[in-house]
Every structure is written in structure tokens, then in C-alpha cells.
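Data block below; observations after.
There are 2 protein chains.
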Amino acid sequence: MGQNDILDAFRSAMRHVAATVYAVTTGHDGERFGILATAVSSLSFDPPSLLVCINRAGSLHEPIASTDRFCVNVLGVGNRDVADCFARGGTGEERFSIGDWVEEQGVPVLASAQSSLVCRIAHRHAFGTHTIIIGELIAARHRENAKPLTYYDGRYIDITEAPDQQP
Amino acid sequence: MGQNDILDAFRSAMRHVAATVYAVTTGHDGERFGILATAVSSLSFDPPSLLVCINRAGSLHEPIASTDRFCVNVLGVGNRDVADCFARGGTGEERFSIGDWVEEQGVPVLASAQSSLVCRIAHRHAFGTHTIIIGELIAARHRENAKPLTYYDGRYIDITEAPDQQP
Chain F
1 MGQNDILDAF RSAMRHVAAT VYAVTTGHDG ERFGILATAV SSLSFDPPSL LVCINRAGSL
61 HEPIASTDRF CVNVLGVGNR DVADCFARGG TGEERFSIGD WVEEQGVPVL ASAQSSLVCR
121 IAHRHAFGTH TIIIGELIAA RHRENAKPLT YYDGRYIDIT EAPDQQP
Chain L
168 MGQNDILDAF RSAMRHVAAT VYAVTTGHDG ERFGILATAV SSLSFDPPSL LVCINRAGSL
228 HEPIASTDRF CVNVLGVGNR DVADCFARGG TGEERFSIGD WVEEQGVPVL ASAQSSLVCR
288 IAHRHAFGTH TIIIGELIAA RHRENAKPLT YYDGRYIDIT EAPDQQP
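Protein sequence lines, in the order shown, are assigned to chains F and L.
The first sequence: position 85 = 85 (the numbering used here), numbered continuously.
Just add 167 to the spot in the second sequence (first one is 1) and you have the numbering used here.
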């Protein structure tokens with residue numbers, strides 16, 4: 001099996017699973033930085049921790065390498081405008097022109113996000129084009145009546161309206 | 168904010184995002200092992216790689232620590248019987264009594280899975296109760312007309328029937 005076949009199948013596989021949309025943010029030297037991410041995973045409940053995979057060529061990598069904290073904002077369907085603003089690009093502060101952002105523990109937190117998971121960086125590991133950042137939670141908030149913003153096969157969907165899967 | 172509050176909010180946050188259901192499998196000493204997992208993330212396309220977070224107290228940890236390969240089987244809605252069989256527990260071979268399992272590169276691959284991502288282990292990193300396993304893809308297959316088995320808020324849903332999210 002050739003490397004290109006593997007890559008094509010891998011890309012297709014990843015496009016056809018549900019991806020929750022996260023805004024990963026940090027603050028550094030008085031500036032705010034953030035990206036949309038889907039490569040986020042819970043890691044352990046003891047200690048409460050998660051990981052995010054950050055592209056080393058992306059705009060968040062240098063700020064997050066220079067600080068020890070970040071926030072994973074779990075976006076809800078009501079935060080679609082924030083997702084669209086982040087997706088348009090723009091640097092640093094431009095991305096925070098839409099949304100009810102507040103500062104908490106030195107990082108930007110979206111007050112209306114479905115969940116806010118503020119982390120202290122516990123470990124970094126570089127692999128390929130990305131760095132895995134392990135964060136230990138130092139603050140967390142979850143809003144009831146969640147409707148997570150979910151991306152599947154190139155479009156945003158409302159999974160709370162999905163029917164139960166019948167065995 | 169207390170540690171219990173953080174943990175409660177973290178658990179609620181994770182329960183209210185879409186989780187694709189993966190069967191992570193390996194072979195060791197002629198035996199097959201596998202678990203259901205949701206803590207899987209793509210990592211890099213260069214080289215094609217992903218990571219899985221494995222509980223060190225779980226049945227897959229020792230086998231996967233003793234080998235250098237594993238498979239991430241992305242389950243589709245048609246594999247619900249396999250998910251249910253894995254979820255019932257049982258050790259080793261019992262979990263493979265249901266499903267069209269074949270051997271490929273020394274690991275169990277579910278022929279009817281939505282996608283099969285066979286990996287060579289490139290790195291392991293222990294954190295908290297879990298070990299992060301980084302796998303570099305050595306074979307990958309994706310079936311068209313995907314309908315990923317997705318878990319959300321305690322139930323299986325069919326996300327391909329979810330309506331588009333309206334901005």
C-alpha cells in the first residue's frame with residue numbers, strides 16, 4: 001500500500017467522523033490568540049486533563065509555546081458566529097472582535113461557550129507537523145442545555161436533532 | 168474552584184460532545200485484544216499519524232505495551248453488534264466472537280468497519296491514569312457511504328440524519 005493511498009484513506013476516514021468544534025485560546029504579552037480545532041481529546045480524570053494537537057506552522061503555536069496556560073472553549077450552535085470569525089483568519093485580536101470574551105486566569109474565555117476548560121500546560125510533545133499539548137484543568141464550566149457545534153463531512157450539523165441509532 | 172467542581176464540569180463537558188466510537192485492537196502472543204474507545208485524535212498528515220489514550224487499568228494496556236502495532240477500527244452504525252459485544256466485557260478472544268474480523272499486519276481488523284487504520288507505535292507517553300499512544304499509519308482503508316457510530320449524552324445516534332445547523 002503506497003503512502004499516498006494511506007494518506008487518502010486517512011483523510012477520508014477523518015472527514016467522515018463527527019468533529020466537535022473547539023476554540024483553543026491563549027494570552028501572551030497582553031495579546032490574545034486563538035484557533036479553531038477539532039483534534040482535542042480528554043485524557044484522564046485523575047488529574048482532570050486533556051490534550052490538543054497544534055500545528056507548528058499555525059498562528060497559535062508560538063504563543064502557546066511561550067505561555068503555560070490555555071483554554072479549550074467547547075463551541076455550541078449559538079457560537080457559530082465566533083467559529084465563522086475564527087475561520088476567516090485574521091491575526092490575534094481580530095479573531096476576538098465577535099463573541100462575549102472575558103479574561104480568566106490570564107486566558108480568553110468565551111462566556112457563552114457550551115463549556116470552558118481552562119488548563120495549565122503539563123507537557124508538550126512534538127510529532128510530525130504538530131505538537132501535542134497536555135493540559136491539566138485548573139477551572140471548568142459547563143452550561144446546561146448543551147447543543148454542541150459539530151462538523152461532519154464538510155458541514156455544520158445539529159447533533160441534538162439526530163435520531164437514535166437503531167440496533 | 169474546588170477539584171470536585173472542576174471534575175464535575177469536565178465530565179459534563181465531555182458527555183455533551185459527539186464521540187465517534189472506535190474499536191482499538193491489537194494482537195500479542197497469538198491472542199487478540201480490543202477495547203471500545205472514544206479518546207482518539209488525528210495528529211498529523213506528515214507522517215500520517217493519530218493518537219489514542221489508553222487507561223492503564225484497562226485490559227488493552229498490557230498487550231499494547233508488549234507489541235508495536237495496533238488498529239483503530241472506526242465503527243459504523245452497521246457495527247453496533249460489535250460495539251455491544253465489546254461493551255459487555257469478557258476477556259481477549261470473547262470480544263471477537265461477533266464481527267467479520269481478519270488479520271492484517273498482525274492485528275485484528277474489522278472488515279466491515281467504516282475505516283481501518285493500522286498503525287505502528289511511534290511513541291508512548293504516560294500521564295495520570297492513561298498512556299497516550301502515538302501511531303504512524305502503515306495501512307488504511309475507508310468504505311464509502313459512511314455512517315459513523317456516534318455516542319452522545321449516553322446514547323447512540325445516527326449523525327448522518329442530523330439536520331444542518333443554521334447560522
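We put the beta carbon where it would ideally sit given N, CA and C, even for glycine.
Just so you know, these numbers come straight off a predicted model, no measurement behind them.
DSSP three-state assignment for residue i, whether helix, strand or coil
i         : result
Ile265(L) : coil
Asn77(F)  : The residue you asked about is not Asn; residue 77(F) is Val in the sequence shown. Val77(F) falls in the helix class under three-state DSSP.
Val188(L) : coil
Glu311(L) : coil
Beta-carbon neighbours of residue i, restricted to chain F and to distances below 9 Å
i         : result
Arg322(L) : Asp164, Gln165
C-beta neighbour in chain C for residue i, strict 8 Å
i        : result
Val17(F) : You won't find chain C in this structure, because its protein chains are F and L.
CA-to-CA distance, residue j to residue i, given in whole angstroms
i         : j         : result
Leu174(L) : Pro315(L) : 29 Å
Val102(F) : Pro63(F)  : 18 Å
Ile324(L) : Arg247(L) : 11 Å
Asn55(F)  : Ala9(F)   : 21 Å
Glu31(F)  : Glu93(F)  : 7 Å
Val40(F)  : Ala65(F)  : 17 Å
Ser264(L) : Ala307(L) : 23 Å
Val285(L) : Val52(F)  : 22 Å
Leu227(L) : Ile288(L) : 14 Å
Gly89(F)  : Val107(F) : 19 Å
Leu110(F) : Ser283(L) : 36 Å
His28(F)  : Gly194(L) : 46 Å
His297(L) : Arg124(F) : 16 Å
Ile35(F)  : Arg236(L) : 32 Å
Asp331(L) : Val249(L) : 29 Å
Leu50(F)  : Met168(L) : 18 Å
Gln272(L) : Gln105(F) : 48 Å
Ala335(L) : Thr205(L) : Chain L is shown only over 168 to 334; residue 335(L) falls outside these bounds and no answer can be derived.
Asn312(L) : Thr234(L) : 33 Å
Phe212(L) : Leu43(F)  : 22 Å
Gln114(F) : Pro215(L) : 31 Å
Ala18(F)  : Ile326(L) : 8 Å
Under 8 Å by beta carbon: chain F residues contacting residue i
i         : result
Phe294(L) : Leu43, Ser44, Ser49, Ala122, His123, Ile134
Thr198(L) : First, the amino acid is wrong: residue 198(L) is Glu here, not Thr. Per Cβ cutoff of 8 Å: no residues; Glu198(L) is ~26 Å from chain F at best.
Ala180(L) : Val74, Gln114, Ser115, Leu117, Ala140, His142
Ala224(L) : Result: empty, since nearest Cβ-Cβ is about 11 Å, beyond 8 Å.
For residue i, the first and last residue of its enclosing alpha helix (DSSP H)
i        : result
Val13(F) : Sequence inspection shows Ala at residue 13(F); the Val mentioned does not correspond to that position. Per DSSP, Ala13(F) belongs to the alpha helix (DSSP H) from 3–15.
Ala65(F) : 61–65
Chain L contact residues for residue i, given Cβ-Cβ distances below 7 Å
i         : result
Ala159(F) : Note on residue identity: the sequence assigns Ile, not Ala, to residue 159(F). Chain L residues near Ile159(F): Ala185, Tyr319, Ile324, Ile326, Ala329.
Arg141(F) : Ala176
Leu137(F) : Ile173, Phe177
His130(F) : Leu210, Ser211
Element boundaries [beta strand (DSSP E), containing residue i]
i         : result
Pro108(F) : 107–110
Asn55(F)  : 48–55
Arg255(L) : Arg255(L) -> no beta strand (DSSP E), and no H or E assigned at all.
Thr317(L) : 316–319
Gly34(F)  : 31–37
Ile326(L) : Note, Ile326(L): premise wrong, no beta strand (DSSP E); not H, not E.
Ala280(L) : Premise fails: Ala280(L) is in no beta strand (DSSP E) and is neither H nor E.
Neighbour list for residue i in chain F, Cβ cutoff strictly below 7 Å
i         : result
Ala313(L) : His16
Interface partners of residue i on chain L, CB under 8 Å
i        : result
Ile64(F) : Chain L residues near Ile64(F): none, gap ~16 Å exceeds 8 Å.
Val40(F) : Ser208
Cys53(F) : Ser208, Ser209, Leu210, Ser211, Leu218
Chain L residues whose Cβ lies nearer than 9 Å to that of residue i
i         : result
Leu60(F)  : What Leu60(F) touches in chain L: nothing, since even the nearest Cβ is about 16 Å away.
Leu149(F) : Gln332
Contact residues within the stretch 258–292 of chain L, judged by C-beta distance below 8 Å to chain F: Against chain F - using a Cβ distance shorter than 8 Å - the residues of the stretch 258–292 of chain L are Gln281, Ser282, Leu284, Ala289, His290, His292.
Using a Cβ cut-off of 8 Å, which residues of the stretch 76–89 of chain F contact any Cβ in chain L, in chain order? Identification of residues in the stretch 76–89 of chain F having a C-beta nearer than 8 Å to some C-beta of chain L yields Val77, Arg80, Asp81, Asp84, given in sequence order.
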